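Read in order, the letters of the sequence shown correspond to residues -27 to -1, 1 to 110 in mature numbering (1 follows the signal peptide of the UniProt record, and there is no 0).
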Amino acid sequence: MFIGPPNTLARAYLLELFLFILPGFWAQVRLVETGGKLIHEGQSVTLTCTASGLSFKDFSMSWHRSSGTGGSKEFVASITAGRGSTKEYRKGMKGRVIIFRKNEANTVSLTLHWLQKEDSGIYYCASLTILGLRQRP
């Protein structure tokens, strides 16, 4: 079973985001996911996403999963901006999944417990803006 971003065994997957910051200016936002690996059913794994190019504490963050090439992205979990007091989880995964953020390190992590075959896939982190989910796979 593979959990994590594509090509994790060779290198971390880089997801670039472009967010509108000020009128006339664009800033490049980078989210780098790490922690993916080949694991067995019943085990746990923690995926971490490190952000740069944005005021991290001001953005809600989320994790999504794709079951493979051309597969649609499914929502896994999200956490609100600031201290992350509000968390949402995909139905059927609640209780096995924990999302948490460390604003001082600009990271958001996703821990999956008691992994099942259905949890296999490519996991992506994304920032949520007032314009909606902004990502470019």
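Virtual Cβ for every residue (Gly too), placed ideally from N, Cα, C.
Note that the structure is a prediction, hence the values are computed from the model and not measured.
Under 8 angstroms between C-beta atoms of residue i and residue j
i: Lys30; j: Ala54; result: yes
i: Ser25; j: Ser35; result: no
i: Tyr96; j: Leu11; result: no
i: Ser40; j: Gly94; result: yes
Outcome for residue i when other beta-carbon atoms lying within 10 angstroms are tallied against a minimum of 16
i: Arg38; result: buried
i: residue 122; result: The chain is shown from -27 up to 110; residue 122 falls before or after that span and cannot be answered.
i: Gly65; result: exposed
Residues near residue i by beta carbon distance below 8 angstroms, same chain, minus five either side
i: Thr86; result: Note that residue 86 is His in the sequence shown, not Thr. If we look at His86 and ignore the five residues flanking it on each side, its Cβ neighbours are Ser17, Arg69, Val70, Ile71.
i: residue 158; result: Only positions -27 to 110 of the chain appear in the structure, and residue 158 is not among them; the question remains open.
Same chain only: Cβ atoms within 6 angstroms of residue i, ignoring 5 sequence neighbours per side
i: Phe73; result: Ser82
i: Thr59; result: Thr53
i: Thr84; result: Thr19, Ile71
i: Glu61; result: Ser51
Same chain, Cβ closer than 7 angstroms to residue i, neighbours up to 5 away in sequence not counted
i: Gln89; result: Glu14
i: Glu91; result: none
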